[in-house]
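For my numbering, count along the first sequence from 1 and bump the result up by 317.
Quick notes on the structure that follows.
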Amino acid sequence: MLEIAVIRNNAEDIKARLAVKNFKELNLIDEAVVVDEKRRSLQKLLDDNLNKQNTIAKEIGDLFKQGKKDEADKRKSDSATLKEEAKQYESGLAKIEDDLKSILVRVPNTPHKSVPLGKTPEENEVIKQVGEIPVLHEGALAHWDIAKKYDLFDLELGVKITGAGFPVYKGKGAKLQRALVSFFLDNAVEVGYLEVIPPHMVNETSAFATGQLPDKEGQMYAIPLDGFYMIPTAEVPVTNIVRDEIVELPVKFAAYSPCFRREAGSYGKDVRGLNRVHQFEKVEIVQVAHPDKSYEVLEEMAKHVEGLLQKLELPYRILRLCGGDMSFASALTYDFEVYSAAQKRWLEVSSVSNFETFQSNRLKVRFRDENKKIRLAHTLNGSALALPRIVASLLENHQAADGINIPKALQGYTGFEKIS
RNA sequence: GGUGAGGUGGAUGAGAGGCUGAAAUCAGCAGUUUGCUAAACUGCCGUACUGGUUAAACGGUACCGCGGGUUCGAAUCCCGCCCUCACCGCCA
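Structure, rendered in structure tokens:
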């Protein structure tokens, strides 16, 4: 949610920037300003009224002490009139606050100046591409066939137990999952992240706070009996750690969790094998940063992700998302894609974003600045990394005629150098 | 799941209809003093909205788990809910 005070003072600038995101309802900005104006004048009326009531109540107290019952009773009727009036103001104010909020929740975050114009993923800006695209041997396989050949994971078995998109990992396939999670966590801890294991279900308040509710309800698995939701990413529980807190900066969390996503509406080659599944493992990094530092932090996080991909010896590229492809809450997002050699396509494995105060405004994540003033902090997060597509590209890119070669950096975690 | 106790500022904890936005202690901040460390003393020290201002100072309102109610007046009384702790039951 954008801050109303910011909108009030920069309405035109905000509209111009939202246009970069192809946001159509720019009129909402003007509406917000008008409704806020009304809100404040009503607030003033109510406060003045309550002030009078408080004064009268004190007077009545004094009059009683002096034994002047008659005069006290007279003042009581004044109070009754004010009270009626106050009720009107209160209900009016409640409605107007609702109106304002419902406007604000529909306005996306303003994009950073560096965000390129564009509507589709094709218009994302490729910042850099690193690593050789491997030339595979004759008869190289896609990862779903590799999985069958070496019995690494089984999607049909998952269908029997749960449904499509719930893989069962086996043997070295299972060990590889565990190895990657440990590898990612250790790398994060090494550069100062605090490892946390959050709950894998969240309540409604948490889901609202990070913006999964109300509009993305269909993407989460729900447990209605208890009012819980399975987390679609550790971002949800981890970011909620700092909800309503005045924190010491910087805050750096790294969390492993399984992620559960309904992925309604997905189809075709996108969902083949591990390309898109309903349950997967991910290590998420989350930072809460000083507003003056948050873009440095974003670069630092991007570097961290890049380092992981290099250690895994995967060819990757980094994209700066265009306005149209960015998420609602983000001000600037870098996507990381690895090349999957057998599928001959790029797969998104990480998304690193700065939300500026968009999340923290709703979450009320604040810090004390140099002048002891309490201000909203900036929040950032990124995947470091999500496993399935990393596994897909590891299997495909590192395959040889005699098996799959495990990158050096990972061998200490897997305990084996080759899957054969 | 059952029974009991309880939720007050960063922490401990008093308050039991008006003198309470809230004692006291600790922590924190600023200062005074003493060679250093430490101690002592003095002052400050919740959040949100809002008026005011270049910014402040200063002012108003709300908030004592959450939501209602009683009353001229509620942290304090009443009702509902949520949560925490202890014990019992069940259990990896």
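C-beta atoms are modelled at their ideal positions from N, C-alpha and C, and glycine is treated no differently.
Item, Value
"Beta-carbon proximity check, A694 vs V564, cutoff 8 Å", "yes"
"Under 8 Å between C-beta atoms of P554 and P608", "no"
"8 Å Cβ shell around W663 - same chain, five flanking residues per side excluded", "R634, E654, V655, Y656, S657"
"Beta-carbon proximity check, G435 vs C576, cutoff 8 Å", "no"
"Entirely enclosed beta strand (DSSP E) segments - the region 591–673, minimum 3 residues", "596–606, 633–637, 649–657, 662–671"
"Whether I420 touches R356 by CB criterion (8 Å)", "no"
"For Y573, the first and last residue of its enclosing alpha helix (DSSP H)", "Per DSSP, Y573 belongs to no alpha helix (DSSP H); it is in the beta strand (DSSP E), 568–577."
"Stretch-stretch touch, CB-based, cutoff 8 Å, three pairs: the region 536–556 with the region 431–445", "no"
"Straight-line Cα distance separating V352 from V791", "An answer regarding residue 791 cannot be provided, because it is not within the stretch 318 to 737 covered by the chain."
"Where H460 sits in the DSSP three-state scheme", "helix"
"Enclosing beta strand (DSSP E) for F501 [first to last residue]", "First-last for F501: 488–507, but that is the alpha helix (DSSP H), not the beta strand (DSSP E)."
"Close beta carbons around S304, own chain, < 6 Å, minus the five adjacent residues each side", "The first residue shown for the chain is 318 and the last is 737, placing residue 304 beyond what the model contains."
"Contacts around I558, its chain only, beta-carbon distance under 8 Å, and the 5 residues preceding and following it disregarded", "V513, P515, F570"
"Proximal residues to S396 (C-beta, below 8 Å), its chain only, five neighbours per side dropped", "Q370, I373, A374, I377"
"Per-residue burial, V498 [other beta carbons within 10 Å of its own, 16 or more giving buried]", "buried"
"Three CB pairs or more closer than 8 Å across the region 451–459 and the region 709–727", "yes"
"Helix, strand or coil at Y406 according to DSSP, with G and I counted as helix", "helix"
"Residue burial classification, I540 (beta-carbon count within 10 angstroms, cutoff 16)", "exposed"
"Secondary structure, alpha helix (DSSP H): runs of 4+ residues fully inside the region 376–440", "386–421"
"Option in D365, A322, K361 with minimal Cα separation from V350", "A322"
"Beta-bridge pairing of L693 - partner residues as DSSP gives them", "R683"
"Secondary structure of K735, DSSP reduced to three states", "strand"
"When G488, G732, E665, E439 are compared against V622, the one with the closest alpha-carbon", "E665"
"Buried or exposed (CB count within 10 angstroms, at least 16 for buried), E601", "buried"
"Close beta carbons around L636, own chain, < 6 Å, minus the five adjacent residues each side", "N441, V443, D652"
"Inter-residue CB distance, H460 and A659 (contact presumed, cutoff 8 Å)", "7 Å"
"Rounded Cβ spacing between F501 and A701 (contact assumed at less than 8 Å)", "6 Å"
"Separation of D471 from T674, as counted between CA atoms", "42 Å"
"C-alpha gap between Q494 and G448, whole angstroms", "23 Å"
"Continuous alpha helix (DSSP H) stretch holding V708: start and end", "704–714"
"Span of the alpha helix (DSSP H) around A525", "Looking at the sequence itself, residue 525 is Phe, so the reference to Ala does not match. That run of the alpha helix (DSSP H) goes 521–526."
"Buried or exposed (CB count within 10 angstroms, at least 16 for buried), N504", "buried"
"Per-residue DSSP class, three states only, for Q529", "coil"
"Backbone CA spacing between N327 and L566 [nearest angstrom]", "27 Å"
"Endpoints, alpha helix (DSSP H) assigned at E473", "472–478"
"Three-way DSSP call (helix, strand, coil) for V564 in this model", "strand"
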